[in-house]
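Using my numbering, the letters of the sequence shown map in sequence onto residues 673 to 1075. First up is the structure itself, then whatever we jot down about it.
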Amino acid sequence: MSYASLPEPDASQPPSRHRPPSWSARNRVAVAAGAAVALVLAAGGVYLANGDVTPEPSTASNALDYQSAPAGQPPSPGVAVSASASPSASASPSAGATPSTAAAPKVPATGWIPVDRAAWKAQADAYRALKADPVPSGVGNLPEFRADCTYSHRLPDDPIVAPGLPGASHMHSFVGNKAVDASTVAGDLTKFTATSCKPIQDHSAYWVPTLYDNATGKPVETSGFRVYYRSLAKNSTGQMPMPNGLRMISGDAKKKKPTPRGATGQFYCAFYGPGDLDGIARSTNGNWPICGGGATLHYMMQFPDCWDGKHLDSPNHKDHVAYGSGNSCPTSHPVRIPAITFDIQYPAKGTPAGYYLASDKEGKSASSMHGDAFVMWDVNTMNKRTRNCVQGRRTCDNYGYQK
673 MSYASLPEPD ASQPPSRHRP PSWSARNRVA VAAGAAVALV LAAGGVYLAN
723 GDVTPEPSTA SNALDYQSAP AGQPPSPGVA VSASASPSAS ASPSAGATPS
773 TAAAPKVPAT GWIPVDRAAW KAQADAYRAL KADPVPSGVG NLPEFRADCT
823 YSHRLPDDPI VAPGLPGASH MHSFVGNKAV DASTVAGDLT KFTATSCKPI
873 QDHSAYWVPT LYDNATGKPV ETSGFRVYYR SLAKNSTGQM PMPNGLRMIS
923 GDAKKKKPTP RGATGQFYCA FYGPGDLDGI ARSTNGNWPI CGGGATLHYM
973 MQFPDCWDGK HLDSPNHKDH VAYGSGNSCP TSHPVRIPAI TFDIQYPAKG
1023 TPAGYYLASD KEGKSASSMH GDAFVMWDVN TMNKRTRNCV QGRRTCDNYG
1073 YQK
């Protein structure tokens, strides 16, 4: 049941319980810090918004303040302005120090990382000046574009949470940019562009904790990994593209609660025809579904859709972004960006022994499932897809308008 064989949803028809995960009305979604999720059906698709937070409505949803870190909130020591399209520069030697003849090791920045103001302004100006392409007949009205990715590699690294520290993380399964490791910085994603995603203009890196078969201890790598960039709102007023170098995390690797039938944040069964998303049975510990028929295990997670317009990352990798409410972004995060959604497929049906995530080998629940996104696109492609598909509220696939 690969993504290549999945038929696209008919946007003219109402949602069906038995459609694939990207449009099923009962998709399971993991959001940051385990927040409750509200499912909103729109034009035959599932759109998800944070149901716990009620942010103050923004009066400037398309505000673009090219500012540095706010007063009283300086960047962490050693942080330099992130270069969206070039590798990070090494720090200058301190006064009186003797420069080394060897190249200084690359140390990724951490903490509050300011956006490259000039690069973002140039991208925003180009986006505002961009006209939407003519819309062919028969294009759906789901405001989204996507990248379809396959498994790339597996490493105990995390260039967002543990930058520059190889082996310091639990095992992660990476898709997208094939050169990613613990020391990857934004410029590397533009220098080394080999990718397992389509379109190839997506140089981003995406990763999740590796899934293991509990009976054998062997990894179960993804057989499909679709990354949606979409609007969660009912309109696209103030919509802006994604800034390059943005880093985000969805979910909580430290959350270790049981995930029995009906729990939020669990894996589910995706199928055609009659069946149960929660599985026809459960693993012995109750945390994992056992799928019937031709169904396989899937997982979906939703990232925020509002950005503060100032930082590419924050100390907890979440505070620089936020979930909108209705058609508004909070005033603290006024820039509306496409919402990334991971739609992940595994070549497994479930067993009585169940599975475990690298982030919770002991508890063997699904609640620690989380995802990281290190965004880097060809700027023109990001701008055009956002304008045509998200701003224009039209359905696009990997290459443009979807017919």
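All residues carry an ideal CB built from backbone N, CA and C; glycine is no exception. This one's a predicted model, so the numbers in the text were calculated from it and none came from an experiment.
Test item: CB-CB of residue i and residue j under 8 Å
i     : j     : result
A935  : T1023 : no
R1065 : S903  : yes
H1042 : A851  : no
E816  : T1067 : yes
F1014 : V899  : yes
N959  : G917  : no
S845  : W792  : no
I1016 : T894  : yes
M912  : A1030 : no
P915  : Q1063 : no
G896  : Q1074 : no
R919  : L984  : yes
C869  : V892  : no
K928  : S1039 : yes
P780  : P828  : no
Beta-carbon separation (whole angstroms), residue i vs residue j, contact threshold 8 Å
i     : j     : result
A819  : P871  : 7 Å
A942  : T968  : 6 Å
F1046 : P786  : Not quite, the Cβ-Cβ distance comes to about 17 Å (not below 8 Å), so this is no contact.
Y995  : D977  : 7 Å
S1037 : P930  : 5 Å
D860  : T867  : Rounded, the Cβ-Cβ distance is 13 Å, inconsistent with contact.
Y1028 : Y884  : 5 Å
C963  : K1021 : 5 Å
Sheet register partners of residue i (DSSP bridge)
i     : result
T867  : N849
R919  : F1046
C1068 : Y1073
Y901  : F817 and I1012
C941  : L969
L827  : H844
R616  : No statement about residue 616 is possible, as the shown extent of the chain runs from 673 to 1075 and does not include it.
Y878  : V847 and A1045
V1007 : W979
Where residue i sits in the DSSP three-state scheme
i     : result
W784  : coil
D924  : coil
M914  : coil
C978  : strand
W792  : helix
R1057 : helix
G896  : strand
A858  : helix
V833  : coil
V807  : coil
A994  : strand
D885  : strand
D797  : helix
Within-8 Å CB hit, residue i to chain C
i    : result
K863 : Going by chain labels, chain C is absent from the structure shown, which holds only one protein chain.
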